[in-house]
Amino acid sequence: MAKIVFLPHQELCPEGLEVEAKDGEFILDVALKNGIHIEHACEKSCACTTCHVVVRDGFDSLDESDELEDDMLDKAWGLEPESRLSCQAKVNGTDLVVDIPRYTINQVSEHH
């Protein structure tokens, strides 16, 4: 089991949160099951950028992103070298520190 530290986000988790994650779980699924409602407008199909996160620590432990994810990330607000779509990034046994950007390209939240 790995730990994921979600850094404080003004709306989604103001205090931040540290949770456990099983190998093979997607960052988005870990967040959702722990009450962090990261936007995911395309229902986890890698067709949008609303679940964009920045992996501040542990980024190199993740599988490489594929071409489709890279193409979507090019459209993300606030893209950084350690950016990933949380619906595509699987936990691989290494602790992670995840920063949820304040903004997405969606103007209105889907409230899943």
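Position one of the sequence shown corresponds to residue 1 (the numbering used here), numbered consecutively onward.
C-beta: ideal position from N, C-alpha, C; glycine also.
If you're wondering where the values come from, they're calculated on a predicted model, not measured in any experiment.
In the three-state reduction of the DSSP assignment, alanine 21 falls in the strand class.
Around the beta-carbon of methionine 1, fewer than 16 other beta-carbon atoms lie within 10 Å, marking it exposed.
Comparing alpha carbon positions, the residue from Val98, Thr104, Tyr103 closest to alanine 21 is Val98.
Here valine 53 is not near glutamate 82, since their CB atoms are 7 Å or more apart. Check the Cα spacing between cysteine 46 and each of Leu7, Leu68, His37, Asp95: the tightest is with Leu68. By the neighbour-count criterion, in which 16 or more other beta carbons inside 10 Å mark a residue as buried, arginine 84 falls on the buried side. Distance from the CA atom of valine 5 to the CA atom of proline 14, rounded to whole angstroms, is 13 Å. Glutamate 39 counts as buried, since at least 16 other C-beta atoms from the protein chains shown sit within 10 angstroms of its C-beta. The beta-bridge partner set that DSSP reports for aspartate 99 consists of Val54.
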